[in-house]
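Chemist:
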Amino acid sequence: MSNDLLFDFTVDKEARKVFITREFAAELPLVWDAFTKAEFLDQWMAPAPMKAKTKYMNFEVGGKRFYAMIAPDGTEKWAIQRYNSITPKTNFQMSNAFADKDENPELPGSEWDYNFSERDGITTVKIMIYNESFERMERILEGFKLGFTASLHNLDALLATLSKK
Numbered sequence: 483m484s485n486d487l488l489f490d491f492t493v494d495k496e497a498r499k500v501f502i503t504r505e506f507a508a509e510l511p512l513v514w515d516a517f518t519k520a521e522f523l524d525q526w527m528a529p530a531p532m533k534a535k536t537k538y539m540n541f542e543v544g545g546k547r548f549y550a551m552i553a554p555d556g557t558e559k560w561a562i563q564r565y566n567s568i569t570p571k572t573n574f575q576m577s578n579a580f581a582d583k584d585e586n587p588e589l590p591g592s593e594w595d596y597n598f599s600e601r602d603g604i605t606t607v608k609i610m611i612y613n614e615s616f617e618r619m620e621r622i623l624e625g626f627k628l629g630f631t632a633s634l635h636n637l638d639a640l641l642a643t644l645s646k647k
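Below, the structure written as structure tokens:
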């Protein structure tokens, strides 16, 4: 990642919210696709040495993505994302919950709100995550920050490769 691109990760524990703002040196349609298509998500979403595997994804209002993060030893940690609202190329909102391999969610989960904008070839993604449970947020926060930051670096590399095509 270029050092002049913005990356901010802020936590408001009282409100149970995480705010992430991240700039990418890529045009908005490409960044949008990277966040909304399984074939791209599986290439960057998991921090190494883990891998992401989407079982299925229907990116439409009311649709969902069912996917796993897979550890090197083969252990799978499943999650379900349900898409609540989509405004193409500018915003989507979803709920997210860990799950078992049979799609039974482990509640409570979290609500995610993604906003996309572009200026001069730099795309900004603003993400607000609301956690239903303060305890859940506290339990996963440190690992989430490290893992999500690493995943965004994976996305930088993927976008650089795709931008050259």
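To convert a position in the sequence shown, counted from 1, into the numbering used here, add 482. Every residue, glycine too, gets a C-beta built ideally from N, C-alpha and C.
If we cut at 8 Å on Cβ distances, does Pro511 have a partner in chain C?
Modeler: Structure shown: chain C not included; a single protein chain is present.
Chemist: Which same chain residues, not among the five before or five after Ser567, have their C-beta less than 6 Å away from its C-beta?
Modeler: Within the same chain, Ser567 has close Cβ partners Gln575.
Chemist: Looking only at its chain, what residues have a beta carbon closer than 6 Å to the beta carbon of Glu558, apart from the 5 residues adjacent to it on each side?
Modeler: Ala550, Ile552, listed in sequence order.
Chemist: What does a CB cutoff of less than 7 Å around Trp594 pick up in its chain, not counting 5 residues either side in sequence?
Modeler: Gln575, Met576, Asn578, Ile609, Ile611, listed in sequence order.
Chemist: May I ask which residues mark the beginning and end of the beta strand (DSSP E) holding Phe574?
Modeler: Looking at the DSSP string, the run of the beta strand (DSSP E) that includes Phe574 is 573–581.
Chemist: By the three-class DSSP mapping on this structure, what secondary structure does Asn540 have?
Modeler: Coil at Asn540, not helix or strand.
Chemist: I think Leu640 touches Gln525, with their Cβ atoms under 8 Å apart; what is that distance to the nearest whole Å?
Modeler: Contact flag correct, Cβ pair sits at about 5 Å.
Chemist: Give the secondary structure of Ser645 by DSSP, where H, G and I count as helix, E and B as strand, and everything else as coil.
Modeler: If DSSP states are grouped into helix, strand and coil, Ser645 belongs with the helices.
Chemist: What whole-angstrom Cβ distance do Ser592 and Asn573 have, given they're in contact under 8 Å?
Modeler: Rounded, the Cβ-Cβ distance is 17 Å, inconsistent with contact.
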